[in-house]
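Novice: First residue of the sequence shown? That's 357 in this note's numbering, and the numbers climb one at a time after it. We put the beta carbon where it would ideally sit given N, CA and C, even for glycine. These figures come from a predicted structure and were not determined experimentally.
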Amino acid sequence: MPLENNADTKIEEKNDASPRKVDRQWIKKLIQKHSTDPRLVPYYKELHEKYPILKDKALVVAPMVDQSDLPFRLICRNYGTNLCFTPMIHAKMFHQKESYRKKFWSYVNGTPPEDRPLIVQLCGSDTTNILYAIRYILKSKGGVDGFDLNCGCPQTIAKRGNYGAFLLEKDDGNLIVDLVEKLVREVGNEIPISVKVRILPSGLDDSLKLYKRIVDAGASMLTIHGRNRLQKGLNTGKADWEAIKKVVEQFGEKIPILANGGISNLDDVRECLEFTGVDGVMSSEGILEYPALFSETNTRAVEGKRTGPSRLQLTREYVDIAEKHPPENGGQGNGIRCIRTHCHKFLHEDLNGRVDIRKEIAVAQDHEKLRKCFQDIEELNKAEGHVAEDEVLAWYMRHRIPRRSSEEYSPPKKLQRANNNGDKKAQSISEDDHDS
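#1: Would you report the Cα separation of K728 and E645, rounded to the nearest angstrom?
#2: What are the residues that DSSP puts in a beta bridge with V551?
#3: To the nearest whole angstrom, what separates the beta carbons of A447 and I486, a pair I think is in contact under 8 Å?
#4: Note down the Cα distance separating T483 from H404, rounded to an integer number of angstroms.
#5: Would you mind sorting D712 into buried or exposed? The rule is 16 or more other CB atoms within 10 Å of its CB.
#6: So for K569, helix, strand or coil by DSSP?
#7: By a C-beta neighbour count over all protein chains shown, 10 Å radius and 16 as the cutoff for buried, is I493 buried or exposed?
#8: Taking D624 and G618 to be in contact with their CB atoms under 8 Å, please state how far apart those CB atoms are, rounded to whole angstroms.
#9: Taking D561 as the reference, give the member of K538, G544 and E598 with the closest Cα.
#10: Decide if E805 is buried, meaning its Cβ has at least 16 other Cβ atoms within 10 Å, or exposed.
#11: Tell me whether A657 is buried or exposed, calling it buried when 16 or more other Cβ atoms sit within 10 Å of its Cβ.
#12: What did DSSP end up calling A718 once you bin it into helix, strand or coil?
#13: Quick one: what's got a C-beta closer than 8 Å to G778's C-beta in the same chain, skipping five residues either side?
#14: Would you give the residue range spanned by the beta strand (DSSP E) that N616 belongs to?
#15: Within a Cβ cutoff of 8 Å, which residues of the same chain sit near L564, ignoring the five residues on either side of it in sequence?
#16: In its own chain, which residues sit with a C-beta less than 6 Å from the C-beta of L439, not counting the 5 before and 5 after it?
#17: Quickly, what does DSSP pair Q477 with across the bridge? List them, please.
#18: Per DSSP, I445 is paired with what?
#19: Consult DSSP for S792 and reduce its assignment to one of helix, strand or coil.
#20: Below 6 Å CB to CB, which residues in the same chain sit around D337 once its five sequence neighbours on both sides are set aside?
#21: Assuming I580 and I547 make a contact with CB atoms under 8 Å, what is their CB distance in whole Å?
#22: Can you list, in chain order, the residues of its chain whose CB lies under 8 Å from that of R672, leaving out five sequence neighbours each side?
#23: Three-state secondary structure (DSSP) at S496?
#24: Report the CB separation of V421 from M444 in whole angstroms; it is logged as a contact under 8 Å.
#25: Who are the Cβ neighbours of R429 in its own chain at under 7 Å, not counting the five residues just before and after it?
#26: Along the chain, where does the beta strand (DSSP E) containing A521 start, and where does it finish?
#27: Whose CA, out of L703, I409, G574 and A595, lies closest to the CA of R554?
#28: What residues match up with I440 in a beta bridge as DSSP calls it?
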């Protein structure tokens, strides 16, 4: 049974517990354990024979606020994803509000077996709140395979809430190191505790020093977003795989490392694995537009032919899954509004110039209304001679400006003024990232 829904629940620290020794292969073993779905075994066999580097590597859906919901995770798993993170769960809200707990962890019949392996991402800086959330979820129905601390969110709300990428810089990194130490001491023998980080604005050398302290504190895995917190929105720039490679060189023998940033198709996946030596790759915005990103599509983001499912086919499949597994039933979703949001992202290019259909999707209150919109799109596509094989990623590529490394990045003057003077309008330009 879940823990008592009591915001005053006290967490007693286990001062005598020693951190568990991290099994360097735990992610690999987790992937192997859950790679037995008979529908996908032939696909994985063929893919691994063609691309041996993908064998036992994690192909991961990132934690995305209001986006990596249950039905979205399930459609991604149908097309090559073998590990998912939940959307970020705010530990303080989870501890204090029953309504928030119901929204973000309401697996009435337990975690669906097809939604494993699954890592829950939490944000916060208070040990009591985070431990409450961990223990509540561990005692609920179903199962999870790890907990992750959000030290990657670059948005202003994270600064106000004392979490995300700003936590890495708080008190010279002492706060996050102390937090990891305490969590590992309390629950590290029960469940892995990982951390998702960005590169520090002060540079890679400072980042590596902090990562070492986090690893020494007992973190079971690091996910490295190859950008600093200033690289977001219009100023995102290219992910720094060179930096991720150096992280692997320093810590890869101790714990698994995942790469995040710049993953838009299977070619990117292979190139990132080969260049950095990571244990897996994580996609956020790219997979939001095309959930079959980890499948064999033989296409790059801006050129080539697509041999995988069309955008429209994926959208229809997602709605079918969402009807069976509504977002709100698995937590992390807002019902039909969540479904509509995904439809807009999947069909971004198909809705370009089709204002009436876009509006109909925006106000649709049930699955059938959405399906009627899909039929209208299909008929228009046929009339215009649309060819699915010519589809390429669109909105995901809008801010990917090539840069050699995150250390070369400095925000434009307008954004600098916003950061210095609190210009909310200018700040909002850069705050549309989904990834946390």
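Specialist: Once the coordinates are examined:
#1: Straight-line Cα distance between these residues: approximately 21 Å.
#2: In the DSSP assignment, V551 is bridged to L505 and L578.
#3: Separation of the CB atoms of A447 and I486 is rounded to 4 Å, and the pair is thereby assigned contact status at 8 Å.
#4: About 41 Å.
#5: The residue in question, D712, is exposed, as its Cβ has fewer than 16 Cβ neighbours within 10 Å.
#6: In the sequence as presented, Lys is not what sits at residue 569; that position holds Arg. In the structure shown, R569 sits in a helix (DSSP, three-state: H, G or I).
#7: When all chains shown are included, I493 counts as buried.
#8: Confirmed, Cβ separation roughly 6 Å.
#9: The shortest Cα separation from D561 among K538, G544 and E598 belongs to E598.
#10: Examination of residue 805 is not possible in this model, given that the chain is present from 357 through 792 alone.
#11: Reliability of the predicted coordinates at A657 is poor, the pLDDT of 40 falling under 50, and the value obtained from them is presented with this limitation in mind. With 16 or more other Cβ atoms within 10 Å, it is buried.
#12: It is helical.
#13: Here G778 scores only 38 on pLDDT, less than 50, and its place in the model should not be relied on; the value that follows carries that caveat. None.
#14: From DSSP, the beta strand (DSSP E) with N616 extends over I613 to N616.
#15: Cβ within range, chain order: K602, V603 and Q606.
#16: Hits under 6 Å: A414, V416 and P473.
#17: BP columns for Q477 point to D504.
#18: I445 is bridged to L478.
#19: Three-state result, S792: coil.
#20: There is simply no residue 337 to check, as the chain begins at 357 and stops at 792 in what is shown.
#21: With a Cβ gap of about 21 Å, I580 and I547 do not count as contacting.
#22: Answer for R672: R727 and F730, listed in chain order.
#23: The answer is coil: DSSP assigns S496 none of H, G, I, E or B.
#24: Contact flag correct, Cβ pair sits at about 6 Å.
#25: Excluding the 5 residues flanking it on each side, R429 has same chain C-beta neighbours closer than 7 Å at V417, C440 and D471, in chain order.
#26: Here A521 belongs to no beta strand (DSSP E), and DSSP marks it neither H nor E.
#27: Ranked by Cα distance from R554, the first of L703, I409, G574 and A595 is A595.
#28: One point to set straight first is that residue 440 is Cys, not Ile, in the sequence displayed. Beta-bridge pairing links C440 to V417 and L474.
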